[in-house]
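**Q**
Protein chains: 4
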Amino acid sequence: MGGWDAVVMEEGVGRTLIPPHGEASSGPLSLAERYARQRRATLDLCDGLSAEDMSAQSMPQTSPTKWHLAHTTWFFEQFVLGVRVSADDWARLFNSYYEQVGRPFARDRRGLLTRPSLAEVLAYRARVDDLVLALLDRDLEPERASHVELGIQHEQQHQELLLTDLKHLFAQSPLEPVFRFPPSSGAPAPASLSNGLRLRFLPGTSGPIDIGHEGPGFAFDNEQPRHPAMVARHRIANRPVTNAEYRTFILDGGYRRPELWLSDGWAEVRRAGWDRPLYWSSELDTEFTLHGRVSIDPHAPVCHVSYYEADAFARWAGARLLTEQEWESDADPGDIASGHWRESGVFHPTAAIRDVGVRQMFGDVWEWTSSAYSAYPRFRPAVGAVGEYNGKFMCGQYVLRGGSCASPESHIRSTYRNFFYPADRWQFMGIRLGVDG
Amino acid sequence: MGGWDAVVMEEGVGRTLIPPHGEASSGPLSLAERYARQRRATLDLCDGLSAEDMSAQSMPQTSPTKWHLAHTTWFFEQFVLGVRVSADDWARLFNSYYEQVGRPFARDRRGLLTRPSLAEVLAYRARVDDLVLALLDRDLEPERASHVELGIQHEQQHQELLLTDLKHLFAQSPLEPVFRFPPSSGAPAPASLSNGLRLRFLPGTSGPIDIGHEGPGFAFDNEQPRHPAMVARHRIANRPVTNAEYRTFILDGGYRRPELWLSDGWAEVRRAGWDRPLYWSSELDTEFTLHGRVSIDPHAPVCHVSYYEADAFARWAGARLLTEQEWESDADPGDIASGHWRESGVFHPTAAIRDVGVRQMFGDVWEWTSSAYSAYPRFRPAVGAVGEYNGKFMCGQYVLRGGSCASPESHIRSTYRNFFYPADRWQFMGIRLGVDG
Amino acid sequence: MGGWDAVVMEEGVGRTLIPPHGEASSGPLSLAERYARQRRATLDLCDGLSAEDMSAQSMPQTSPTKWHLAHTTWFFEQFVLGVRVSADDWARLFNSYYEQVGRPFARDRRGLLTRPSLAEVLAYRARVDDLVLALLDRDLEPERASHVELGIQHEQQHQELLLTDLKHLFAQSPLEPVFRFPPSSGAPAPASLSNGLRLRFLPGTSGPIDIGHEGPGFAFDNEQPRHPAMVARHRIANRPVTNAEYRTFILDGGYRRPELWLSDGWAEVRRAGWDRPLYWSSELDTEFTLHGRVSIDPHAPVCHVSYYEADAFARWAGARLLTEQEWESDADPGDIASGHWRESGVFHPTAAIRDVGVRQMFGDVWEWTSSAYSAYPRFRPAVGAVGEYNGKFMCGQYVLRGGSCASPESHIRSTYRNFFYPADRWQFMGIRLGVDG
Amino acid sequence: MGGWDAVVMEEGVGRTLIPPHGEASSGPLSLAERYARQRRATLDLCDGLSAEDMSAQSMPQTSPTKWHLAHTTWFFEQFVLGVRVSADDWARLFNSYYEQVGRPFARDRRGLLTRPSLAEVLAYRARVDDLVLALLDRDLEPERASHVELGIQHEQQHQELLLTDLKHLFAQSPLEPVFRFPPSSGAPAPASLSNGLRLRFLPGTSGPIDIGHEGPGFAFDNEQPRHPAMVARHRIANRPVTNAEYRTFILDGGYRRPELWLSDGWAEVRRAGWDRPLYWSSELDTEFTLHGRVSIDPHAPVCHVSYYEADAFARWAGARLLTEQEWESDADPGDIASGHWRESGVFHPTAAIRDVGVRQMFGDVWEWTSSAYSAYPRFRPAVGAVGEYNGKFMCGQYVLRGGSCASPESHIRSTYRNFFYPADRWQFMGIRLGVDG
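Protein chains in written order, with the numbering used here: chain A, 17 to 453; chain B, 17 to 453; chain C, 17 to 453; chain D, 17 to 453.
(1) Please list the segments of the beta strand (DSSP E) lying wholly inside the stretch 375–443 of chain D, counting only runs of 3 or more residues, in order along the chain.
(2) Quick one: list the residues of chain D neighbouring Ser360(B), beta-carbon separation under 7 Å, in chain order.
(3) Leu191(B) CB to nearest chain D CB: under 7 Å?
(4) When we look at the beta-carbon of Asp237(A) and count the other beta-carbons within 10 Å, is it buried (16 or more) or exposed?
(5) With DSSP as the reference, label Phe95(B) as helix, strand or coil.
(6) Smallest Cα separation from Leu337(A): which of Arg448(A), Val194(A), Ile225(A)?
(7) For Trp343(B), which three-state DSSP category applies?
(8) Spatial neighbours of Leu6(D) within its chain, please: C-beta separation below 8 Å, excluding the five flanking residues on both sides.
(9) Name the chain D residues that come within less than 8 Å of Arg394(C), Cβ to Cβ?
(10) Classify Gly220(A) as buried or exposed, calling it buried when 16 or more other Cβ atoms lie within 10 Å of its own Cβ.
(11) Identify the contact partners of Leu278(B) in chain A, using a Cβ-Cβ distance below 9 Å as the criterion.
(12) Is it true that the CB of Pro393(A) sits closer than 7 Å to the CB of Ala248(B)?
(13) Using CA atoms only, rank isn't needed, just tell me which of Pro293(D), Ser71(D), Pro256(D) is closest to Gln376(D).
(14) Between Glu279(B) and Phe409(A), how many whole angstroms is the CB-CB distance? I'm expecting something under 8 Å.
(15) Taking only three categories from DSSP, how would you classify Ala207(B)?
(16) Is DSSP giving Leu47(B) helix, strand or coil here?
(17) Expressed to the nearest angstrom, what Euclidean distance is found between the alpha-carbon atoms of Arg154(D) and Ala398(D)?
(18) Could you give the distance in angstroms between the alpha-carbon of Leu294(D) and the alpha-carbon of Ala368(A)?
(19) Throw me the rounded Cβ distance for the Arg433(B) and Glu340(B) pair, which I believe falls under 8 Å.
(20) Run through chain C and tell me which residues come within less than 7 Å of Leu129(A), C-beta to C-beta.
(21) CA-CA distance, Phe92(C) and His163(C)?
(22) Can you tell me whether DSSP reads Val101(D) as helix, strand or coil?
(23) Who are the near neighbours of Ser322(D) in its chain, counting only those whose CB is closer than 7 Å to its CB and skipping five residues on each side?
(24) Tell me Phe304(D)'s beta-bridge partners as DSSP assigns them.
(25) Could you work out which residues of chain C lie near Ser74(A), taking near to mean beta carbons separated by less than 8 Å?
(26) How would you write the range of the beta strand (DSSP E) that Asp452(C) sits in, first residue to last?
(27) Can you find a C-beta in chain C that's less than 7 Å from the C-beta of Asn111(D)?
(28) If Val194(D) sits next to Gly308(D), beta carbons under 8 Å apart, how far is it from one beta carbon to the other, in whole angstroms?
(29) If you count every other CB in all the chains shown that lies within 10 Å of the CB of Ser102(B), and 16 or more means buried, which is it?
(30) Using a C-beta cutoff of 7 Å, does Asp105(A) count as contacting chain C?
(31) Out of curiosity, what's the CA-to-CA distance linking Leu276(A) and Asp327(A)?
(32) Please list the partners that Phe121(D) has in chain B, where partner means a Cβ-to-Cβ separation under 8 Å.
(33) What are the boundary residues of the beta strand (DSSP E) that includes Gly373(A)?
(34) Mind checking who Ile227(C) pairs with in its DSSP beta bridge?
(35) Can you name, in chain order, every residue of its own chain whose Cβ lies under 6 Å from the Cβ of Leu209(D), other than the five neighbours on each side?
(36) Classify Met17(B): buried if its beta carbon has 16 or more other beta carbons within 10 angstroms, exposed otherwise.
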């Protein structure tokens, strides 16, 4: 079967400590339970992958699966355990960008790290899991507990990246490997049964509004502090832009008309030769997915478009993108539970079904906002190397909101701020339109 | 003598129509007078330059002086006259980036346009001036008049660019040419006589505040519409960061400490090998200016630093940059008249003198803000190709405020938004600090 | 244990057909025996490597081990079997550069081919081996037999490349993996026991001389036809340049003196920042080898230097490189048997021992000649895609002679022409000096 | 009128010392006369150019006209006068690549040297001319005389480069400036009156032959020493490949068939997007010349093709390029006088007329040979910095023979070796075919 599972079984390391994902549990989970679950969930994503699949890197922005496995482990080793479990050199190899704790290995060369082997990385994971779980048996001082929590959230982010990075890698191969078949009940249909939801613009919430996170639950530093903002009158689309709509934009010469584009966007279109979303066939009829090559569903949200493309599409449509404040003020946290998340086993966005209110704010596709990623007023990064987590990226990137079909459901909040460069396309990124109200 | 003036005299074209700059005039100037004055002012900047000096291009972001002369003329030809005065090909050569009126000549190859010659470009200017001034003798329909006004403002922007681009060109030559000697009265002293103003942080204006331009005077579309914004409590530095302060940052290892930098900034530091402001000598004691190489005045504002450097310096200093809303709410338009502008003939920032309130918000150096350049709520670009003026650049750049010693005084407002990429350094860019209030 | 050997055993494919390398045999080997031996020898080189080790690519010029395994197999499938054994897509993946039989997969992206897996590639090898060996049981038509012979020689070339490419990959890792420990008897000593051979120049053979291959044994098309050439009077060094001598060149400022370098070489020194041979430590005392990091033996031949470095060293030494005609006229085929080859298990050059005549022309290090790689008079490439083997590379490269410690002994002839770009360093390349006679 | 001539007149410098080109003279010219003539000839080429035309640089391989004027002068200052006439910095600016006499200014930035101005450079020329001519009034020691001779030859080389560099510059402008109109008698006809010479292959000279220069006249070091070589039996084409023939190659898919190309050549075709000779229109019917855009003469030699294209064309034609030894053994020095040279005023190759023997070996187009540029046996570069003239370029380039319509007639010999990189196209380069005999 080729996966690493067999290796782990032979090595017999640690895994018994971690209950399988999805196991019933009564009441809110303890930190230890949540730790074990998320660590296990990461491994579950690797089923069916060979050591080679998990070791290659297809572009500087992506990382090998094995590196994700090791890096998330290093995070706990570095910031929770505080003692070196792995060899010294490993710390350098699996540090992503924390310059304060040693010079990281070059990001664009992670695919060259054939050593340590997958088996060694799995053993490293198991050893760190043992130690962290032992720690969690005791009472933890608050800072260390908060680092465990941060590590769990971090683990979930890398679960999503693991999937998007793997998709990009597999897309490079003429063999177009299938990562996993969709569950029979949830397969993305070649053409959605629904006739599609008519695009409508509904009134959004405006005026002086408090934005950002406050309260007991976990949130990243970049979602804080909660603060007042002035939100202009606007209307919000009832669903994301669909493949059919985006195809119309293409057929209308969208990629050949400079007046529709930001100056930097037009330069990128010409430089990179873009004429369709990433992973679409040149005939605009099929797309490569984690379930292999499939027909494009006209009613499903368009996906894998850059900020430049989202902005150009909106201009073509006579609309605009929303600011992240508009988005947040319009989002209903109660909708998270009904979103399409990774747990569904369908790793591709699907069409909205019920035509009630504003749909699909959560799950399916991350939604580009028109907001450059920057600090909230009185933003304070955490003290120490953990403070490098978010703040130092507040330049040149744009905020996306709402999570995707590759996000773990428990990871996303209405205040959650994701961020990528305007030319990035390999995440599950889509378009939510707005207009002035 | 080598300048192009002689050529113009021989050709005897048009110049008599334009009164010399600085001529006394009573009462507010007519549009025609302002047109003539600004067109003349551009030419005055070229005194002492050879045709060769005016034809070379030192990097893709800069343009040859001759190109500035032609491009500003093309702007009036295209948007005011509406008829072709020059040869058809010229329109393509001197269109900067207006994709809707023809495919512009490659921006990074403007230095290869040895034809038309300087003499031909000067004749082209004279011919267009004749036609525009003739037009201004009559009553203009409002849209055309507004395009003349836009063209004058555009002319002024290129006057500043002409100076900064020329400075960059001259800095490439081992001969380090002097563009112009400073007036004897206003020379930047090798070391300022003042002892320097102690850095202090004064209370800024906060709360819900209206931002942007409204009213009868000219403003660019990107300063509009006026709208309410929420400004957080903050304090503002009484003056820009000085050379002495910046030197301390350098000596404290500022360029070698990744924890001080944005991630993109640190990448740029390593890629470009930055270890000091553009134009500083490696000994940190002299700098190249439009007046030749001079000693660095410790008390003058530091200049020619990127956004990345401004941000890193602020972090090192335990402060931050201001948002553009904070800057605008703190700026007093009454201070414009006392600023240090291009008209002084001193093309380099000088030290503040009087220690009263917040100094040097206007003139001396453009001040980087922490605000990514984006549209104000309900922003509408102008209809037609003129709409490409500002809007399509609202991505990836940062706002600077307040004008510089190379700006024409009459060009700047408290709502004025300049914008450059975070790695740009060749404008007169400096640092104004702020702190949370 | 992590190697792929276990996998093969489990899969149980084909291997029994191939006798282990080194098995005693009486009389000259049949084509089938030679085929089986060399195919087996390639696999033997992979002992101890993990699937990940065999899948990564460290630069465009190198290929993953797995790709070498598959490509050499494709060669037999394409040119000997003539029927498709593998899936259609595989042919494209494992075609290196034969444009006439389909568009090859991008050379610099071979590390992204995680599929087919190592196990699949090994099965592919076994299947093709079965078919080729079955074919060899029968009488083959001469052209097909000659393609089997060509495939065996090709297999041997890739055995050497497999080693040099792997060395380059392992050198990128901070972990500096050991590929294999040297046999206890043959270990490269930290410092050679010998005192080193004094460098002397011995008279070479000159005048009109026949160059190139003629006769019944195998030779590549680029060694043919045999033809008269005029060889000038010259003297040849008794041994390759040693590490000690090269270190003296470095300490004498060799890498800082442009007058010693070809113009292109000096440009490369500055561009790439070269200041020592590839794999040497900056302290010039240790080097990375396939046996891990070892002390540099002063008396062993210097290795992993480019043509530019070889040429600069020669100029510094008051000598020059030999032409390939001079080299060939001076080489004694009888010395091949006493050379240091891959079969020794010592994958690194070692010091010459006996001071008699001209030593080490064969084995240890490939010797750069001053001859640009070009066609011999009346050179005819083979008909069909096999004709792309050599001829289309006759531009921009230089000839090297004599084989290395990574070459199979049976592969090298005195007429053998290897060729690489003047900036290449990752092969076992060294320096043989000459002077005018 | 815009040319610099007026400036010279005003400045009144030196020019009277130099007799106008073409002036009658009886008997062989003295060194002083030849010096004066060639220095004057360089200036004559600049008639009609503006200071701007003479200051721009269109690619790293080319230089501005003004730089050529200054560099050739610096050569005499440095190697003949031996005292500094210009400012110290100028020596650095106008040193091309002589690393032993100071670090040259970056070659790809020569277009930024707006200072010294053209007028200053002309004065510098005049001053150096005065001094050199004064020197030549006296008896010179032999080494200095030989440096004057070398400087004159060097001046002639730069006369040709000045033309080819200017052509490249003018070709970048949409205005397509005409450098000079052809003399009425010698204009390249839109279509040649001749019906074209049928291509025939004539027997060449083979066997052991002496190659290279020997004797009293001037020759560069790279043409020496004369030495025996073995030339294979071959036949040589009676004229260069014509535009009509090359067009047939294009229409036959020449640029789309990888099997016709060297591996490096095919990579360059794809990288640079080549599909026709430099300066040809995409319709293959007109070409840009120093006389402006003209119809392509089907019978004239094809021009501005790279080595890669010459080699691919030859392969397509079932022929090959000649080695430089074959070329030299077939060339008749007596044909030089009847060649088409720069002095004709027709700066573009024209069709052969008389169908007798081998035509156009000299003049019209440089002919690519299949010989990589390398040292002749016992080659010795001159001592000192002058030794950098040729030897350090003996890597990566190919030899061209015979001179072009842009070469001064008196500059070319049958032993003359020109050399360029295989991707270079901006010289007047063409194709002479050969076949095995």
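For glycine and all other residues, C-beta sits at the position ideal for the given N, C-alpha and C.
**A** The answer reads as follows:
(1) 382–388, 414–417, 434–436
(2) Here the premise fails: no neighbours, minimum Cβ distance about 26 Å.
(3) yes
(4) With 16 or more Cβ atoms within 10 Å of its Cβ, Asp237(A) is classed as buried.
(5) helix
(6) Arg448(A)
(7) helix
(8) With chain D represented from 17 up to 453, any question about residue 6(D) goes unanswered, as that position is not in the structure.
(9) Ala248, Asp452
(10) Burial is judged here by how many other beta carbons sit within 10 angstroms of a residue's own beta carbon; Gly220(A) has at least 16 and is buried.
(11) Gly407, Lys408, Phe409, Met410, Cys411, Gly412
(12) Against a cut-off of 7 Å, the Cβ pair of Pro393(A) and Ala248(B) comes out as a contact.
(13) Pro256(D)
(14) The identity of residue 279(B) in the sequence shown is Ser, whereas the question assumes Glu. Their Cβ separation, rounded to whole angstroms, is 5 Å, which keeps Ser279(B) and Phe409(A) in contact under 8 Å.
(15) With a pLDDT of 44 at Ala207(B), under the threshold of 50, the predicted position of this residue should be treated as unreliable, and no value is reported.
(16) Correct three-state label for Leu47(B): helix.
(17) 25 Å
(18) 56 Å
(19) 7 Å
(20) Ser189
(21) 8 Å
(22) coil
(23) Pro438, Ala439, Asp440, Arg441
(24) Arg309(D)
(25) Leu128
(26) It spans 449–452 - the beta strand (DSSP E) in which Asp452(C) sits, taken as one unbroken run.
(27) no
(28) 4 Å
(29) buried
(30) yes
(31) 8 Å
(32) Listed along chain B are Pro190, each with a C-beta nearer than 8 Å to that of Phe121(D).
(33) Neither: Gly373(A) is in no beta strand (DSSP E) and is coded neither H nor E.
(34) Looking at the DSSP assignment, Ile227(C) forms a beta bridge with His243(C).
(35) For Leu209(D), the pLDDT reaches just 45, beneath the cut-off of 50, and the residue's location in the model is therefore unreliable, leaving the point undetermined.
(36) Interpretation of Met17(B) is limited by its pLDDT of 27, a score under 50 that renders its predicted location unreliable; the figure taken from the coordinates is listed afterwards. Around the Cβ of Met17(B), a 10 Å sphere holds fewer than 16 other Cβ atoms; the residue is exposed.
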